[in-house]
Amino acid sequence: MDRQGFASPALDAKLLAGYGLGLTALDMALRENEPVEAGAAERIAGLMQRRLSGESVARIIGEREFYGLAFALNGATLEPRPETELLVDMALDALPQGGQLLDLGTGTGCIPIAVLVNRADASGVATDLSAEALVAAQGNAERHGVAERLVFLQGSWFEPLIENPHPSPPHKGEGTAPRVGLVAEIDHQTNSLLLVGRGGGSDAGFDLIVSNPPYINSAVIETLADEVKSFDPRLALDGGPDGLAPYRVIAAQARNWLKRGGRVLVEIGYDQGEAVTGLFEAAGFTDVTLHKDLNGLDRVVSAHHV
Ligand SMILES: C[S@@+](CC[C@H](N)C(=O)[O-])C[C@H]1O[C@@H](n2cnc3c(N)ncnc32)[C@H](O)[C@@H]1O
747 MDRQGFASPA
757 LDAKLLAGYG
767 LGLTALDMAL
777 RENEPVEAGA
787 AERIAGLMQR
797 RLSGESVARI
807 IGEREFYGLA
817 FALNGATLEP
827 RPETELLVDM
837 ALDALPQGGQ
847 LLDLGTGTGC
857 IPIAVLVNRA
867 DASGVATDLS
877 AEALVAAQGN
887 AERHGVAERL
897 VFLQGSWFEP
907 LIENPHPSPP
917 HKGEGTAPRV
927 GLVAEIDHQT
937 NSLLLVGRGG
947 GSDAGFDLIV
957 SNPPYINSAV
967 IETLADEVKS
977 FDPRLALDGG
987 PDGLAPYRVI
997 AAQARNWLKR
1007 GGRVLVEIGY
1017 DQGEAVTGLF
1027 EAAGFTDVTL
1037 HKDLNGLDRV
1047 VSAHHV
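First residue of the sequence shown? That's 747 in my numbering, and the numbers climb one at a time after it.
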């Protein structure tokens, strides 16, 4: 940390200079002794000024790396955080062959995109309340070649998943046999999701529900670092008066959308383990377990729907 509170000022300066010059890290190293034109120097000074005002390098550059992939950001997306990579590792382990996952509060789409890039057999649905965040997520899914297997829906948590009271009409050539296991089917007229069958104990439903919801107590947000409170969108941070509001919705409703044997994985704040495990146990889940991140902090709660 330097005197102004920057953890890696030299690296930040190098990244911003490279961005301002339109050069890769390798080109920067090869051409480090070349003079810089006045226009480019001015551009770089402008970028440095934004950094000095507290904006992160990722926000200035407009993308951030997560799980080895670059994710474009916009004003409505949280910057993906390295600690969320644990959720991706666990999702990859938990998802059965050909499985379907549901991601709630997808932001940049980083979680389901990272999973699907590494699992060509899998597919998924992702929701977010922010339509603007979904624009970034859709672009990221296209950039990483998984858009065909990932459907984005705008709305609050499970709300955009409309239960289809009647089995969907079979696709051409499929006769009348129900397509067991196929959960996600888009109604392109209403841009909503139809379900072939609902979860809640049947063999239709999602195999896995994942979420990194907003989990910061509303009152604590003002005390966060400038880089977070002034630039990450409040909708992505604010978990209500006790930080647990999204978990209450997810714990109460997830079993309705899961296959029997399906799992839920949610990221939590380091001090929310007891409260969140309690919510999932009270909602009837079994094997409710806390998992620690590489720093030894409680980070993910997993729960099983049997
Ligand atoms: C902590 S961010 C996580 C984003 C992304 N999943 C990640 O891990 O980087 C929480 C996300 O939940 C979304 N969100 C907030 N309230 C929501 C709601 N009621 N329904 C759906 N998404 C919501 C926010 O817009 C934000 O994208």
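In this text, a Cβ means the ideal position worked out from N, Cα and C, and glycines have one as well.
Treat the numbers as computed from the prediction; the structure is a model and nothing was measured.
Going by alpha carbons, who is nearest to Ile859 out of Gly814, Ala877, Glu878, Leu875?
Counted from its first residue, the sequence shown places residue 859 at position 113. It is Gly814 whose Cα lies nearest to the Cα of Ile859.
Do Gln846 and Asp953 come within 8 Å of each other at the CB atom, strictly closer than that value?
Residue 953 sits at position 207 when you count from the first residue of the sequence shown. Residue 846 sits at position 100 when you count from the first residue of the sequence shown. It is a contact, given that the beta carbons lie within the stated cut-off.
Do you know offhand how far Ala816's Cα is from Thr854's?
Residue mapping note: residue 816 aligns to position 70 of the sequence shown, counting from 1. Residue mapping note: residue 854 aligns to position 108 of the sequence shown, counting from 1. Cα to Cα, Ala816 sits roughly 10 Å from Thr854.
Please report the distance separating the alpha-carbon of Cys856 from that of Gly764.
Sequence index remark: in the sequence shown, residue 856 carries index 110 (1-based). Sequence index remark: in the sequence shown, residue 764 carries index 18 (1-based). Cα to Cα, the separation comes out at about 25 Å.
The beta strand (DSSP E) enclosing Ala822, as first and last residue numbers:
The sequence position of residue 822 within the sequence shown is 76, counting from 1. Careful: Ala822 lies outside any beta strand (DSSP E) and carries neither H nor E.
Below 6 Å CB to CB, which residues in the same chain sit around Val1022 once its five sequence neighbours on both sides are set aside?
Sequence index remark: in the sequence shown, residue 1022 carries index 276 (1-based). So the list reads Tyr993, Ile1014, Val1047, once near-sequence residues are dropped.
Near ligand 1: Asp1017 beta-carbon under 7 Å from a heavy atom
In the sequence shown, counting from the first residue as 1, residue 1017 sits at position 271. Checking the Cβ of Asp1017 against ligand 1 gives no.
Can we count Ala879 as close to ligand 2, meaning its CB is less than 7 Å from some heavy atom?
No copy of ligand 2 appears in this structure; the ligands present are ligand 1.
Residues in the same chain with beta-carbon distance under 6 Å from Phe977, minus the five sequence neighbours each way, listed in chain order, please.
Translated into positions along the sequence shown, residue 977 becomes position 231. Closer than 6 Å at the Cβ level, and outside the excluded window around Phe977, lie Glu801, Arg805.
Candidates Val782, Arg797, Glu783: closest to Leu757 by CA position:
Counting from one through the sequence shown, the residue named residue 757 turns up at place 11. Leu757 has its Cα closest to that of Arg797, out of Val782, Arg797, Glu783.
Could you tell me the alpha carbon to alpha carbon distance between Gly947 and Thr1032, rounded to whole angstroms?
What you label residue 947 is simply residue 201 of the sequence shown in a count that begins at 1. What you label residue 1032 is simply residue 286 of the sequence shown in a count that begins at 1. Note that Gly947 scores 45 on pLDDT, short of 50, meaning its location in the model is unreliable; the coordinates nonetheless yield the value given after this. C-alpha separation (whole angstroms): 14 Å.
Among Glu888, Trp903, Arg810, the one whose alpha carbon lies nearest that of Leu848
Start at 1 with the first residue of the sequence shown, and residue 848 comes out as number 102. The option with the nearest alpha carbon to Leu848 is Trp903.
Using DSSP with H/G/I as helix, E/B as strand and the rest coil, what is Glu1013?
Taking the first residue of the sequence shown as 1, we reach residue 1013 at position 267. The answer is strand: DSSP assigns Glu1013 an E or B state.
So the beta strand (DSSP E) Arg810 belongs to, where does it begin and stop?
Along the sequence shown, read from residue 1 onward, the residue named residue 810 stands at position 64. Element bounds for Arg810: 809–812.
When DSSP labels each residue in this structure, what does Gly927 get in the three-state scheme?
By one-based count along the sequence shown, residue 927 stands at place 181. Note on Gly927: pLDDT 37, under 50, position unreliable in the model; no value is reported.
Could you compute how far the alpha carbon of Ile955 sits from the alpha carbon of Ala775?
As a first step, residue 955 is located in the sequence shown; it is residue number 209 there, counting from the start. As a first step, residue 775 is located in the sequence shown; it is residue number 29 there, counting from the start. Approximately 44 Å between the Cα atoms of the pair.
CA-CA distance, Ala877 and Thr823?
As a first step, residue 877 must be located in the sequence shown, where it is residue number 131. As a first step, residue 823 must be located in the sequence shown, where it is residue number 77. Computed Cα separation, rounded: 10 Å.
Report the partner residues of Ile962 according to the DSSP bridge assignment.
For the purposes of this step, residue 962 is taken as residue 216 along the sequence shown, with counting starting at 1. Per DSSP, Asp984.
Taking the alpha-carbon of Asn886 as reference, which of Ala818, Gly1019, Asp773, Ala872 has the nearest alpha-carbon?
Residue 886 sits at position 140 when you count from the first residue of the sequence shown. Comparing Cα positions, the closest option is Ala818.
Across the stretch 994–1001 and the stretch 1016–1030, are there enough close Cβ pairs to call them in contact, namely three or more that are closer than 8 Å?
yes
Best match in Gly751, Asn820, Arg1045, Glu780 for proximity to Ser957 [C-alpha to C-alpha]:
Within the sequence shown, residue 957 is the residue found at index 211, counting from 1. Measuring from the Cα of Ser957, the nearest candidate turns out to be Arg1045.
For ligand 1, any of its heavy atoms closer than 7 Å to the Cβ of Asp953?
Counting from 1 along the sequence shown, the entry for residue 953 is found at position 207. Outside the cutoff, so no.
In terms of residue numbering, what span does the beta strand (DSSP E) encompassing Arg1045 cover?
By one-based count along the sequence shown, residue 1045 stands at place 299. First-last of the beta strand (DSSP E) with Arg1045: 1044–1050.
Assigned secondary structure, Arg1006 (DSSP; H/G/I helix, E/B strand, else coil)
Residue mapping note: residue 1006 aligns to position 260 of the sequence shown, counting from 1. Strand, per DSSP.
In terms of alpha-carbon separation, which member of Ala882, Leu880, Ala879, Arg865 lies closest to Arg895?
Residue 895 sits at position 149 when you count from the first residue of the sequence shown. Ranking the options by Cα distance to Arg895, first place goes to Arg865.
Give the range of the beta strand (DSSP E) segment to which Thr873 is assigned.
The residue labelled residue 873 in the question sits at position 127 within the sequence shown. That run of the beta strand (DSSP E) goes 869–874.
Nearest-angstrom Cα distance between Glu1020 and Ala965?
Against the sequence shown, residue 1020 aligns to sequence position 274. Against the sequence shown, residue 965 aligns to sequence position 219. Rounded to the nearest angstrom, the two C-alpha atoms are 20 Å apart.
Cβ-Cβ distance between Val881 and Val863 below 8 Å
Position 135 of the sequence shown holds residue 881. Position 117 of the sequence shown holds residue 863. No, the pair does not count as a contact, with Cβ atoms beyond the cut-off.
Contacting residues, own chain, Cβ-Cβ under 6 Å from Val1010 (five flanking each side not counted)
By one-based count along the sequence shown, residue 1010 stands at place 264. Here the set comprises Ile955, Ala1000, Ala1049.
So, at 7 Å on beta carbons, what are the nonlocal neighbours of Gly1042 in its own chain, with the 5 sequence-adjacent residues on each side left out?
Along the sequence shown, one-based indexing puts residue 1042 at 296. No residues qualify anywhere along the chain.
If you scan the stretch 876–904 from start to end, which runs of the beta strand (DSSP E) of 3 or more residues do you find wholly inside it?
896–900
Over what stretch of residues does the alpha helix (DSSP H) that includes Leu757 continue unbroken?
Numbered from its first residue, the sequence shown carries residue 757 at position 11. 755–767 is the extent of the alpha helix (DSSP H) around Leu757.
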